[in-house]
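Undergrad:
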């Protein structure tokens with residue numbers, strides 16, 4: 001071609017500089033692959049005349065690198081990128097270097113454009129729910145309820161197991177604070193969360209999988225109640241060697257001696273205890289610990305005091321020492337261990353808590369004809385579980401409200417109880433109205449035996465040498481760490497809180513186990529099994545499914561239409577009344593599969609939407 | 611200040627074709643821009659090496675839908691130079707006619723898109739209505755509204771007889787009338803267009819020269835580059851002076867194109883009236899050998915073809931440099947400093963034709 005300058009690679013840049021000095025305009029670059037060489041022709045237009053073009057022709061070997069002219073002619077950067085990519089010519093120092101991604105940029109067809117964008121609907125961020133927040137053990141309640149609604153019972157059980165070790169026990173005896181906090185409780189129809197937990201345990205099995213490596217550390221736990229067992233479970237899962245010391249002949253603590261077997265069958269309790277034992281936990285029954293120091297001497301690095309609250313409180317009335325007056329805890333323990341307890345026909349139970357109800361119902365099962373509960377307030381103030389009270393009344397227990405004992409004495413061979421009527425006064429420190437005696441309203445009742453069930457306190461041996469609180473005889477333990485005043489010893493359960501519930505003891509024990517693990521040098525991380533289930537992507541999809549199954553009742557009153565779409569809470573099938581007395585068979589029979597699934601689907605999924 | 615990277619495109623309402631500009635923003639102000647192309651690369655340069663050199667005319671014509679005729683013309687000019695063919699004079703005048711017809715409809719399309727990008731729907735409709743008149747002329751003379759396919763190596767395939775020339779002249783005058791009455795006043799006086807375009811996307815003369823801007827983009831900055839000055843086809847005979855504006859903003863580029871539409875009408879009428887009688891096509895016997903360059907002025911600017919033949923039926927190399935390829939670097943100086951909301955109009959002001967750019 002005319003006006004052509006053939007240059008060597010070394011002379012290339014000076015030639016371009018000359019073009020720049022002459023104010024030539026850069027046109028483009030043509031590249032030709034000559035087999036062993038590349039030929040590059042740079043086309044310039046001189047400033048004076050538009051035609052003809054001036055060409056700088058340079059030939060380079062394929063492995064050679066040509067310097068870029070984009071520092072002089074910025075507009076050459078694009079074509080240099082294109083040549084670099086199309087011909088694999090090595091050009092160094094391009095002002096806008098696309099790194100051989102000029103025609104196939106990161107966003108161009110080879111990569112993102114033609115590929116489907118990886119889109120998987122993410123489960124929405126879950127909101128805190130009232131039921132879950134109310135649970136002392138922190139169980140993911142909405143999830144396990146939903147899984148039962150979906151028919152995934154094993155996954156549901158595994159979800160419960162993630163945060164609580166004893167679904168079999170708590171599915172039967174939990175007070176279910178979650179149900180009180182359920183949003184549907186406003187219509188008196190809360191989700192039957194406890195029954196579903198029991199259903200999951202009864203209809204699915206769970207194998208312990210997630211267990212950490214052995215650490216070689218040893219922990220002693222005093223007491224095999226819910227707190228002791230739960231702490232043992234978690235400490236064993238975190239790899240520590242655990243020994244439980246139990247003074248009674250059988251493990252279980254208050255679950256065994258305080259809860260009658262018609263509520264918690266012994267087989268379930270034994271199964272759960274065996275589950276803990278299978279993790280390598282040693283349980284030494286009939287072994288009373290005298291001093292914490294001996295445990296530390298025996299090689300235990302940490303001790304958890306979970307002795308519970310087994311000391312019955314005194315009635316504080318005249319004649320309390322009468323031989324026919326029994327502590328409810330002693331009474332229930334004797335029954336639990338199969339001792340013959342002679343009550344007689346007429347039994348008076350004093351107190352309004354669950355222990356009182358349990359004692360009364362146990363007395364009926366032992367053959368007593370007339371069982372009366374004496375309570376100084378009304379039914380609304382009774383601390384006992386409302387369902388339990390109802391069952392007790394159904395079974396024939398009488399409850400004498402607004403009455404308190406004043407004096408106990410023997411009369412005509414029987415025990416006579418002089419009571420006084422009460423009235424409700426101003427609220428006291430606990431928020432409940434204070435009962436006030438009505439002068440001159442005394443009345444006498446003749447009974448065969450009296451069971452005092454007005455509460456329990458912990459009884460911590462003095463030799464333990466740990467600080468005891470001023471009120472309620474409880475152990476002083478730090479709120480977060482559960483550490484007591486003695487180095488290396490911790491406390492949890494009723495021994496710290498005073499008489500509470502199984503689930504609270506389990507929840508506290510879990511935290512105590514984490515604290516003990518940290519004390520022993522661990523990270524305090526509980527081994528949790530991952531559960532692979534499809535999470536709902538919105539509440540909407542769940543509600544749609546729910547709406548298909550809901551029962552719509554339309555009622556027309558005075559021309560206005562009311563649509564009731566609420567499904568009723570599942571009712572627990574129970575043993576017929578006539579089959580209950582004289583036996584200790586379990587009263588609650590458990591939900592059927594259909595009932596459980598319907599109940600699980602009734603949940604409003606508050607965790608997905610406000 | 612919040613620094614954000616916003617991908618502008620590849621799919622965007624004002625972009626009929628895919629190009630991405632990665633905009634680096636500080637709050638609402640553009641501080642950096644990175645153009646990313648390669649979404650519709652078709653490998654036409656390679657395809658041209660594999661096909662008969664005569665067939666390549668139609669491949670090249672399909673590089674771009676708007677300036678299709680000029681691609682074919684550029685290819686033919688180069689191929690004719692390599693095969694030493696003298697194109698008959700009548701064919702050269704007809705080539706000028708169809709070139710300018712392409713340019714007219716391209717500029718009108720662009721003016722419409724500009725109005726659309728400003729949200730000026732009625733002006734968009736009016737301009738495209740005027741464009742229909744040009745497309746009708748295209749259909750009447752070439753049998754096709756867009757891809758005329760009239761240019762082949764050695765001349766043109768269709769003639770325009772006297773009667774048709776008269777009708778075309780009549781229609782061109784009607785078209786000019788319509789421009790005068792509806793479109794030009796709006797473009798010149800409307801405050802909306804001025805607010806969106808005046809002072810936006812500044813490109814100085816020095817920057818235009820340094821960045822190798824071509825076509826209306828450079829002419830809007832006062833650089834009088836127009837390859838039609840070289841007198842290819844019959845431009846020498848028809849006579850030509852480039853349209854130049856000096857402001858260097860989006861509005862100047864708009865005015866360059868608007869004035870060129872009038873110029874095109876005059877060039878077409880001149881070409882038809884000056885067209886000599888005679889042959890329109892000659893036989894091509896040779897095969898392309900050696901090297902050749904061919905340059906023409908597309909609606910968007912200078913189009914460069916580089917040919918290399920080896921005496922066979924196939925070309926050894928065909929290199930195509932399209933005007934948008936040369937104009938994209940100007941965005942690197944036009945966009946920084948502007949508001950995010952002005953990016954669409956400024957980007958459009960270089961009249962990007964991505965199909966050309968990617969080939």
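Chains as they are written, first to last, in our numbering: chain A, 1 to 610; chain B, 611 to 969.
In this text, a Cβ means the ideal position worked out from N, Cα and C, and glycines have one as well.
1) Report the three-state DSSP secondary structure of residue 434 of chain A (helix, strand or coil).
2) Where does residue 16 of chain A fall in DSSP's three states?
3) Listed from N- to C-terminal order along the chain, which residues in the stretch 943-961 of chain B have their beta-carbon within a distance smaller than 7 angstroms of any beta-carbon of chain A?
4) Which of helix, strand or coil does DSSP assign to residue 2 of chain A?
5) Can you find the residues in the same chain that come closer than 7 angstroms, C-beta to C-beta, to residue 74 of chain A, ignoring five residues on each side of it along the sequence?
6) What are the residues that DSSP puts in a beta bridge with residue 929 of chain B?
7) Output the distance between the C-alpha atoms of residue 179 of chain A and residue 442 of chain A, rounded to the nearest integer angstrom.
8) Using a C-beta to C-beta distance shorter than 8 angstroms, which residues of chain B count as neighbours of residue 32 of chain A?
9) Using beta-carbon positions only, say whether residue 663 of chain B and residue 671 of chain B come within less than 9 angstroms of one another.
10) Does residue 855 of chain B pass the burial test, meaning 16 or more other C-beta atoms within 10 Å, or should it be called exposed?
11) Could you name the residues of chain A that residue 819 of chain B contacts, counting a contact when the two beta carbons are closer than 8 angstroms?
12) Indicate whether residue 661 of chain B and residue 924 of chain B have their beta-carbon atoms separated by less than 9 angstroms.
13) Flag residue 595 of chain A as yes if its beta-carbon sits less than 9 angstroms from any beta-carbon of chain B, otherwise no.
14) Between residue 28 of chain A and chain B, is the shortest Cβ-Cβ distance under 9 angstroms, so that the two count as touching?
15) Using a Cβ-Cβ cutoff of 8 angstroms, what residues of the stretch 5-23 of chain A are near chain B? List them in chain order.
16) Any contact between the stretch 235-246 of chain A and the stretch 140-151 of chain A? By contact I mean 3 or more CB pairs, one from each, below 8 angstroms.
17) Does the Cβ of residue 237 of chain A have 16 or more other Cβ atoms within 10 Å, making it buried, or fewer, making it exposed?
18) When the Cα of residue 642 of chain B is compared with those of B/962, B/953, B/963 and B/766, which residue comes out closest?
19) At what residue ranges does the stretch 179-241 of chain A contain a whole run of the beta strand (DSSP E), taking only runs of 3 or more?
20) Since residue 924 of chain B sits in a beta bridge, which residues does DSSP pair it with?
21) Evaluate contact between the stretch 587-601 of chain A and the stretch 191-201 of chain A, counting only Cβ atoms and requiring at least three cross-stretch pairs below 8 angstroms.
22) What is the rounded straight-line gap between the Cα of residue 694 of chain B and the Cα of residue 69 of chain A?
23) What does a CB cutoff of less than 7 angstroms around residue 317 of chain A pick up in its chain, not counting 5 residues either side in sequence?
24) So residue 936 of chain B contacts chain A; which residues on that side make the cut at Cβ distance below 7 angstroms?
25) Which parts of the stretch 728-776 of chain B are runs of the alpha helix (DSSP H), unbroken and 4 residues or longer, counting only runs that do not cross its ends?
26) Just to make sure I have the definition right: I need the residues of chain B whose C-beta is within less than 7 angstroms of the C-beta of residue 78 of chain A. Which are they?
27) Is the distance from the Cβ of residue 482 of chain A to the Cβ of residue 512 of chain A below 9 angstroms?
28) Count the C-beta pairs between the stretch 298-313 of chain A and the stretch 477-493 of chain A that are closer than 8 angstroms, then say yes if the count reaches three, no if not.
29) Looking at the C-beta of residue 903 of chain B, does it have a partner C-beta in chain A at a distance below 9 angstroms?
30) Check the C-beta distance from residue 420 of chain A over to residue 348 of chain A and give it rounded, since I have them as a contact under 8 angstroms.
31) Report the three-state DSSP secondary structure of residue 939 of chain B (helix, strand or coil).
32) Checking the sheet assignment: what are the DSSP bridge partners for residue 66 of chain A?
33) Between which two residues does the beta strand (DSSP E) holding residue 427 of chain A run?
34) Taking 9 angstroms as the threshold (beta carbon to beta carbon), is residue 60 of chain A in contact with chain B?
35) My output table needs one value for residue 446 of chain A: the three-state DSSP class, helix, strand or coil.
36) Quick one: grab the DSSP three-state call for residue 617 of chain B.
TA: Based on what the coordinates show:
1) strand
2) helix
3) none
4) In the structure shown, residue 2 of chain A sits in coil (DSSP, three-state: anything other than H, G, I, E or B).
5) 95
6) B/916
7) Cα to Cα, the separation comes out at about 40 angstroms.
8) 918, 926 and 927
9) The Cβ atoms of residue 663 of chain B and residue 671 of chain B do not sit closer than 9 angstroms to each other.
10) buried
11) By Cβ distance, chain A contributes 23 and 25.
12) Yes. Within cutoff.
13) no
14) yes
15) 23
16) no
17) buried
18) Cα-wise, what sits closest to residue 642 of chain B is B/953.
19) 218-222
20) B/662
21) yes
22) Spanning the alpha carbons of residue 694 of chain B and residue 69 of chain A requires a straight line of approximately 34 angstroms.
23) 405, 406, 407 and 408
24) 75
25) 731-752
26) 935, 938 and 939
27) yes
28) Yes, they touch.
29) The C-beta of residue 903 of chain B comes closer than 9 angstroms to at least one C-beta of chain A.
30) 14 angstroms between Cβ atoms; not a contact.
31) Looking at residue 939 of chain B - three-state DSSP - the assignment turns out to be helix.
32) A/91
33) 414-427
34) no
35) strand
36) In the structure shown, residue 617 of chain B sits in a strand (DSSP, three-state: E or B).
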